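Asks:
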Ligand SMILES: *[C@@H]1O[C@H](CO)[C@@H](O)[C@H](O)[C@H]1NC(C)=O
Ligand SMILES: *[C@@H]1O[C@H](CO)[C@@H](O)[C@H](O)[C@H]1NC(C)=O
Ligand SMILES: *[C@@H]1O[C@H](CO)[C@@H](O)[C@H](O)[C@H]1NC(C)=O
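In full-length UniProt numbering, the protein residues as written are 1 to 293.
Here it is in structure tokens:
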């Protein structure tokens, strides 16, 4: 009797373990792939007590929604990064409108990569089948600087390629536990082309609008973030780069903003300006024709 019970127990444990392994392997399960966002299956949330100056290299499994947008003007020119962006759906990447003005046939989107130039086994590359630039965007306005790129080859979600959550107005009211900016390092020097992160502090609009900084040019649909010591924030090539903030009660990262104005590398004391994604939530859902919440 005792022996039988033991065997049954062992069976239960083995079957349980198999179920756990299966569940982990199938992450995310196909029918859930639209709802899973802002999660990093391989990494716990990072807590940092010290302020970072500049970026540190990270693996793409830490920021699996990070993409680079590459542009090749003609077949004899090199393919180069023009912007960053973020995956918001298996078929869609969000970026700044200024990053999507080139002919879509000359753009490529690269995801799941630790560096700009070397493909990893996790790297996924797609052509762009459709580019949706906000109709009200103009070259002299910072507002409406938002675009959606539809992928010709939908992303296959795994631990290295996953979407970030898109906030609506309600979600954007919650406290952010921490915010990070990420991008492939475009500054000359060490680690060129490596994916980097930097923790940033959100800066109030009144401070950001001080004459020393942006001199009253920042309107309410923007958010300023940065480090006053400078850091990886600068440099125009990282336009479109995501501002990812963690909201604890959802256990997820949200695309709170993406960069629409960056200081030049020589001006480290101006915080970067990010478009507030939640103010475009309905436009995004309508253009993508999918429900995001
Ligand atoms: C290709 O593009 C580069 C960079 O824009 C340009 O300098 C070059 O003249 C172009 N070549 C051809 C054949 O169009
Ligand atoms: C701020 O803007 C005002 C009005 O456009 C201008 O007169 C002033 O010189 C600017 N200040 C700085 C510090 O750039
Ligand atoms: C939006 O999606 C729905 C359901 O998938 C589809 O029936 C409809 O035709 C789509 N609308 C547009 C404008 O693509």
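We put the beta carbon where it would ideally sit given N, CA and C, even for glycine.
Given the structure is predicted, the values throughout are model-derived calculations rather than measurements.
Give me the Cβ distance between residue 97 and residue 137, rounded to the nearest whole Å; I'm assuming they're in contact under 8 Å.
Replies: The Cβ separation is near 4 Å, so the contact holds.
Asks: For residue 278, which of helix, strand or coil comes out of DSSP?
Replies: Residue state, collapsed to three classes: helix.
Asks: Counting only the same chain and skipping the five closest in sequence on each side, list residues whose C-beta sits under 6 Å from that of residue 174.
Replies: Result list for residue 174: 247, in chain order.
Asks: Starting from the N-terminal end, write out each residue whose C-beta falls within a distance shorter than 6 Å of any non-hydrogen atom of ligand 1.
Replies: Residues with a Cβ closer than 6 Å to any heavy atom of ligand 1, in chain order: 73, 74, 76 and 77.
Asks: Am I right that residue 107 and residue 144 are in contact with their C-beta atoms under 8 Å? What's the rounded C-beta distance?
Replies: About 20 Å separates the two Cβ atoms, so there is no contact after all.
Asks: For residue 208, list the residues DSSP reports as bridge partners.
Replies: In DSSP, residue 208 forms no bridge with anything.
Asks: From the DSSP output, which residues share a beta bridge with residue 57?
Replies: Answer by DSSP bridge pairing, in chain order: 196.
Asks: Which residues does DSSP list as the beta-bridge partners of residue 107?
Replies: Answer is 71.
Asks: Beta carbon of residue 168: closer than 7 Å to some heavy atom of ligand 3?
Replies: Checking every heavy atom of ligand 3 against the Cβ of residue 168, none is found closer than 7 Å.
Asks: Should the region 211-224 be called in touch with the region 63-80, which here means at least 3 C-beta pairs below 8 Å?
Replies: No contact exists between the region 211-224 and the region 63-80.
Asks: Excluding five sequence neighbours on each side, which residues of the same chain lie with their C-beta closer than 8 Å to the C-beta of residue 251?
Replies: Contacts found: 39.
Asks: Work out the CA separation of residue 151 and residue 215 for me, nearest whole Å.
Replies: Rounded to the nearest angstrom, the two C-alpha atoms are 38 Å apart.
Asks: With a threshold of 16 other CB atoms inside 10 Å of the CB of residue 280, please say whether the residue is buried or exposed.
Replies: Flag for residue 280 reads buried.
Asks: Can you look up residue 250 in the DSSP assignment and give me helix, strand or coil?
Replies: In the structure shown, residue 250 sits in a helix (DSSP, three-state: H, G or I).
Asks: According to DSSP, is residue 272 part of a helix, a strand, or is it coil?
Replies: Here residue 272 sits in strand by DSSP.
Asks: Using C-beta distances below 8 Å, list every residue in its chain close to residue 56, excluding the 5 sequence neighbours before and after it, in chain order.
Replies: These residues qualify, in order along the chain: 196, 197 and 198.
Asks: Terminal residues of the continuous beta strand (DSSP E) containing residue 153?
Replies: Counting along the chain, residue 153 falls outside any beta strand (DSSP E), and DSSP gives it neither H nor E.
Asks: How is residue 6 classed by DSSP in three states: helix, strand or coil?
Replies: Helix at residue 6.
Asks: Classify residue 212 as buried or exposed, calling it buried when 16 or more other Cβ atoms lie within 10 Å of its own Cβ.
Replies: Result: exposed.
Asks: What are the start and end residues of the beta strand (DSSP E) that includes residue 89?
Replies: First-last of the beta strand (DSSP E) with residue 89: 80-89.
Asks: Here's the rule: buried if 16 or more other CB atoms are within 10 angstroms of the residue's CB, otherwise exposed. What is residue 95?
Replies: Burial call: buried.
Asks: Please say whether residue 164 and residue 92 have beta carbons closer to each other than 8 Å?
Replies: Taking 8 Å as the Cβ cut-off, residue 92 and residue 164 do not qualify as a contacting pair.
Asks: Compute the distance between the beta-carbons of residue 257 and residue 276, then report whether it is under 8 Å.
Replies: Yes. Within cutoff.
Asks: On a CA-only basis, which of 99, 130 and 124 is nearest residue 105? Give me that one, please.
Replies: Checked all of 99, 130 and 124; the closest Cα to residue 105 is 130.
Asks: Please go through the same chain and pick out, in chain order, the residues whose beta-carbon is closer than 8 Å to the beta-carbon of residue 120, but skip the five residues on each side of it.
Replies: The answer, listed in chain order, is 60, 112, 113, 114 and 160.
Asks: Ligand 2 and residue 211: does any heavy atom of the ligand fall closer than 7 Å to the residue's C-beta?
Replies: Residue 211: yes, Cβ under 7 Å from ligand 2.
Asks: In the DSSP assignment, the beta strand (DSSP E) including residue 102 goes from what residue to what residue?
Replies: Here residue 102 belongs to no beta strand (DSSP E), and DSSP marks it neither H nor E.
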